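Those letters in the sequence shown? Residues 2 to 91, by the working numbering.
Virtual Cβ for every residue (Gly too), placed ideally from N, Cα, C.
Since the structure is predicted, the reported quantities are computational estimates derived from the model, not experimental observations.
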Amino acid sequence: MSGRPAARLGDPTACPKTGHGTNPIAAGSADVLIDGVPAARMGDATACGASLVDGLSPTVVINGKPAATLGSAGTHGNAVTAGSATVLIG
């Protein structure tokens, strides 16, 4: 079985921009929950002001947007560094 942990609202991202550091995913689906937490998708914001845009699932779509997972990246080059311990995507 393969796959990467699903990313959710509040999961951390590591931003390489000076002064940004580790920031949580700040937005997610209003109606799709993973472990009781909104699922993160393409375009969802992180607390440092980036949006998730790369490394997204090519096969799982949430509200018409590709699902974010561990390793998905944002517009600042930030990467999701943790995700669900129970839900794998991919």
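- For Gly91, name the three-state secondary structure that DSSP assigns. coil
- Which partner residues of Cys49 appear in the DSSP bridge assignment? DSSP output for Cys49 lists no bridge partner at all.
- Taking C-alpha atoms, which residue in Pro67, Val81 and Gly75 lies nearest to Gly91? Pro67
- Message: Using only the alpha-carbon positions, how far apart do Gly56 and Ile35 sit?
- Response: 19 Å
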